[in-house]
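**Student:**
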Amino acid sequence: LANILDSVSGPGPVFTGSPRNKLLLISFDGFRWDYDRDVSTPHLDKMAQDGVKAAYITPPFITITSPSHFTLLTGRHVENHGVIHNIWFNTTTQEKKQYYMAQFVDSYWDNGSLPIWITAQRQGLKTGSLHFPGTAATYQGETVAVRQVEPRFYDHSNETDWRLNIDKVIGGWFNQQDLDFVSLYFGEPDTVGHKYGPDSPERRDMVKQVDRTVGYIRDKIQEHGLTDQLNIIITTDHGMNSILQTGMSEKIILSNIPGFSFSDIKFQLLDYGPVGMLLPKEGKLEKVYQALKGGHPHLNVYKKEEMPARLHYSNHPRLLPLILFADPGYAISGSRQLQFNKGDHGFDNELMDMKAIFRAVGPFDMVSVYPLMCHLLGINPEVNDGDSSIIKHMLVSQEDTGGEHDAVLVTVIITTS
Ligand SMILES: [Zn+2]
Numbered sequence: 001l002a003n004i005l006d007s008v009s010g011p012g013p014v015f016t017g018s019p020r021n022k023l024l025l026i027s028f029d030g031f032r033w034d035y036d037r038d039v040s041t042p043h044l045d046k047m048a049q050d051g052v053k054a055a056y057i058t059p060p061f062i063t064i065t066s067p068s069h070f071t072l073l074t075g076r077h078v079e080n081h082g083v084i085h086n087i088w089f090n091t092t093t094q095e096k097k098q099y100y101m102a103q104f105v106d107s108y109w110d111n112g113s114l115p116i117w118i119t120a121q122r123q124g125l126k127t128g129s130l131h132f133p134g135t136a137a138t139y140q141g142e143t144v145a146v147r148q149v150e151p152r153f154y155d156h157s158n159e160t161d162w163r164l165n166i167d168k169v170i171g172g173w174f175n176q177q178d179l180d181f182v183s184l185y186f187g188e189p190d191t192v193g194h195k196y197g198p199d200s201p202e203r204r205d206m207v208k209q210v211d212r213t214v215g216y217i218r219d220k221i222q223e224h225g226l227t228d229q230l231n232i233i234i235t236t237d238h239g240m241n242s243i244l245q246t247g248m249s250e251k252i253i254l255s256n257i258p259g260f261s262f263s264d265i266k267f268q269l270l271d272y273g274p275v276g277m278l279l280p281k282e283g284k285l286e287k288v289y290q291a292l293k294g295g296h297p298h299l300n301v302y303k304k305e306e307m308p309a310r311l312h313y314s315n316h317p318r319l320l321p322l323i324l325f326a327d328p329g330y331a332i333s334g335s336r337q338l339q340f341n342k343g344d345h346g347f348d349n350e351l352m353d354m355k356a357i358f359r360a361v362g363p364f365d366m367v368s369v370y371p372l373m374c375h376l377l378g379i380n381p382e383v384n385d386g387d388s389s390i391i392k393h394m395l396v397s398q399e400d401t402g403g404e405h406d407a408v409l410v411t412v413i414i415t416t417s
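Residue 262 in the UniProt record's numbering sits at position 262 of the sequence shown; the count goes up by one each step and never skips.
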């Protein structure tokens, strides 16, 4: 792995002397760390020049949308914040809610870890969120005060809509309503990455659209006179890996594995990219485990309590007793192939294709974005898993800026792959 410190560019540390600057957290879903390497991205490059640039950031496992975004908002590993999957499920009733409907299950999100909106509001700040995962839920009786929840069946790629939303956030929320913190979410380039693959011309075109959008955001900030008081973090939740187009015999289909039978399974979470979870029927755990372990050369099978500690994906009651994840290039299917994505994510967060671009200094885990944001907003963080010592390497102190407290531009570009 490349040493992040070797690839730092830009003029050096970014500023933040005074607390109580405004902060805009932007996520472009599925923006892999190296997506700016094969496309011209003048606006992202300009941000790196104005701030600092490191090679990548490491997302939490599992590397999928809701768990990873909630790590950004809380600074907690997935096993500690409890939003363990995009799908909400109940193993007793067999009920499942997919990504969108799961956004509205308050108890799924309000699970002990407070997102930064609520913490900031309790400390007197005004916060907002547009389409960001977690926005729809109520936490300990509070929601983010100003919010726009994503409509159902939303077209994530419409650039006109992107600009209307940016106008609302910059002109309306930050400028007119004087909000301190806003999280802003875009569903691309994730969708094109799944559909066409991370190496496709469609993905490259979408990265150009993202870059134009970054330019538009900075123009709007300038237009409203907010440049000197608004920090910007651009980030994402995970990267994207090309799914191998193999013959049927090479695919991971659990029902084809000798000794495995769905009659031994009480509840399953499968057909969701490279990750899966199983709840065997009583007394069947060992049998199912033994059948699947070694059942396919590219399938990793763990009892929950034996998951590698570095993945931080074992210590939560919502996790099912058997956890499966595939090697790069493979998806996990139950009884037949239901998935036809050319790109996917959810893999081990050590895989380079899961990493995120990050424009700051230091070996950075996504859990550490949260204490950085709290520092920038001048609020006391909740208990979290981040490393706040990393912050001081990234920021110039008040003395270093000659006592000028107002020059603030943090250019942190976290592009998770
Ligand atoms: Zn995502």
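All residues carry an ideal CB built from backbone N, CA and C; glycine is no exception.
1. Please confirm if the stretch 338-347 is in contact with the stretch 54-65, defined as three or more CB-CB distances below 8 Å between the two stretches.
2. Assign Asp6 to one of three DSSP states: helix, strand, or coil.
3. Under 7 Å from any heavy atom of ligand 1, does the C-beta of Thr65 make it?
4. Using alpha carbons as the reference points, say which of Ile252, Ser242 and Pro115 lies closest to Val192.
5. Taking the alpha carbon of Pro189 as the point to measure from, which residue in Asp50, Glu202 and Asp45 has its own alpha carbon closest?
6. Could you please give me the residues that DSSP links to Gln290 through a beta bridge?
7. For Lys96, which of helix, strand or coil comes out of DSSP?
8. Please classify Gly294: is it buried, with 16 or more other beta-carbons within 10 angstroms of its beta-carbon, or exposed?
9. When DSSP builds the beta bridges, which residues end up paired with Asn380?
10. Using only the heavy atoms of ligand 1, determine whether one of them is closer than 7 Å to the beta carbon of His43.
11. With a Cβ-Cβ cutoff of 8 Å, do Leu244 and Gly329 count as a contact?
12. Between the stretch 246-259 and the stretch 307-316, do three or more beta carbon pairs fall short of 8 Å?
13. Hey, would you say the C-beta of Gly30 is under 7 Å away from at least one heavy atom of ligand 1?
14. Should the stretch 260-268 be called in touch with the stretch 205-221, which here means at least 3 C-beta pairs below 8 Å?
15. According to DSSP, simplified to helix, strand and coil, what is Gly215?
16. Give me, in chain order, the residues of the same chain whose beta-carbon lies closer than 8 Å to that of His224; leave out the 5 immediate sequence neighbours on both sides.
17. For a quick check, are the C-beta atoms of Val39 and Lys195 less than 8 Å apart?
18. Just tell me which of Val149, Lys266, Asp180 and Leu320 has its CA closest to the CA of Lys281.
**Tutor:** The answer reads as follows:
1. yes
2. Caution applies to Asp6, whose pLDDT of 29 falls short of 50 and renders its modelled position unreliable; the model cannot decide the point.
3. yes
4. Ser242
5. Glu202
6. Answer is none; Gln290 lacks a bridge partner.
7. strand
8. exposed
9. According to DSSP, which records beta bridges pairwise, Asn380 is partnered with nothing at all.
10. no
11. yes
12. no
13. yes
14. no
15. helix
16. Ile170, Gly171, Phe174 and Asn175
17. no
18. Lys266
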